[in-house]
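Numbering-wise (the UniProt record's numbering), the sequence shown opens with residue 1 and increments by one.
Cβ atoms here follow ideal geometry from the backbone N, Cα and C, with glycine treated the same way.
Report on the structure given below.
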Amino acid sequence: MQKHLEQIEHELVNRIYKEFLVKFNGNKSEFARSAVCSETTVRRVFRNEQRMTVDLLLRLCFALGLDVNEFFEGINILNQK
């Protein structure tokens, strides 16, 4: 189960990263300010060196102007592959 959850988180980070590139043009400092977190946190999450809390996930979604549900579309949470 842990591996499945890590795969879900990795997929969410990839989706957030793609949106971040579009909206913030790769500017991690601006994204971090908008998400009210440190640039170090943003870098660590994108490099999969730091796990996301629900709070951080919501902050990142808010900064991107997207609903958290949009990031979960197509992800099978209950059934492991």
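Query                                                                                                                       : Result
Rounded straight-line distance, which links the Cα of residue 63 to that of residue 29                                      : 12 angstroms
Reduced DSSP secondary structure (H/G/I, E/B, other) of residue 51                                                          : coil
Secondary structure, beta strand (DSSP E): runs of 3+ residues fully inside the UniProt domain "HTH cro/C1-type" (27 to 73) : none
Residue of 2, 6, 1 minimising C-alpha distance to residue 49                                                                : 6
Sequence-distant residues of the same chain with beta carbon closer than 6 angstroms to residue 24, five excluded per side  : 30, 31
Where residue 8 falls: helix, strand or coil (DSSP)                                                                         : helix
Contact check, residue 45 vs residue 52, beta carbons under 8 angstroms                                                     : yes
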